[in-house]
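Colleague: Residue numbers (this note's numbering): 83 to 160.
Ideal placement from N, C-alpha and C gives every residue a C-beta, glycine not left out.
Nothing here was measured: the structure is a model prediction, and the numbers come from that model.
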């Protein structure tokens with residue numbers, strides 16, 4: 083029997099994984115958007131922000147949170 087050794091870098095990616103995506107939790111998303119948790123939930127329910135459940139934890143793509151924060155700032159400015 084042959085034994086195959088692989089390092090983490092050589093491990094094939096499974097379908098649907100992307101290690102380069104930065105995710106943030108609800109508290110960090112609230113800080114970035116300067117809102118409380120109920121307002122964050124409202125944004126998710128209004129389809130302004132996508133949420134993902136990973137291992138029982140809610141996560142948000144950091145890029146989506148930043149994009150929404152910029153949009154909110156633009157609306158406030160003019």
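Would you grab the beta carbon distance between residue 106 and residue 133 for me? Rounded to a whole angstrom, and I think it's under 8 Å.
Modeller: The Cβ separation is near 11 Å, so there is no contact.
Colleague: Roughly how many angstroms separate the alpha carbons of residue 128 and residue 104, rounded to a whole number?
Modeller: Spanning the two alpha carbons is a distance of roughly 23 Å.
Colleague: Look at the Cβ atom of residue 116, then the Cβ atom of residue 151, and state whether they are nearer than 9 Å.
Modeller: In contact: residue 116 and residue 151 (Cβ atoms closer than 9 Å).
Colleague: Can you give me the C-alpha to C-alpha distance between residue 109 and residue 120, rounded to a whole angstrom?
Modeller: About 11 Å.
Colleague: With distance defined between alpha-carbon atoms, name the residue in 140, 137 and 148 nearest to residue 114.
Modeller: Nearest of 140, 137 and 148 to residue 114, Cα basis: 148.
Colleague: Where does residue 155 land, buried or exposed, given buried means 16+ other C-beta within 10 angstroms?
Modeller: Exposed, because fewer than 16 other Cβ atoms sit within 10 Å of the Cβ of residue 155.
Colleague: By DSSP's criteria, residue 143 is part of a beta bridge. Which residues make up the other side?
Modeller: DSSP, once it has assigned bridges, lists 105 as partnering residue 143.
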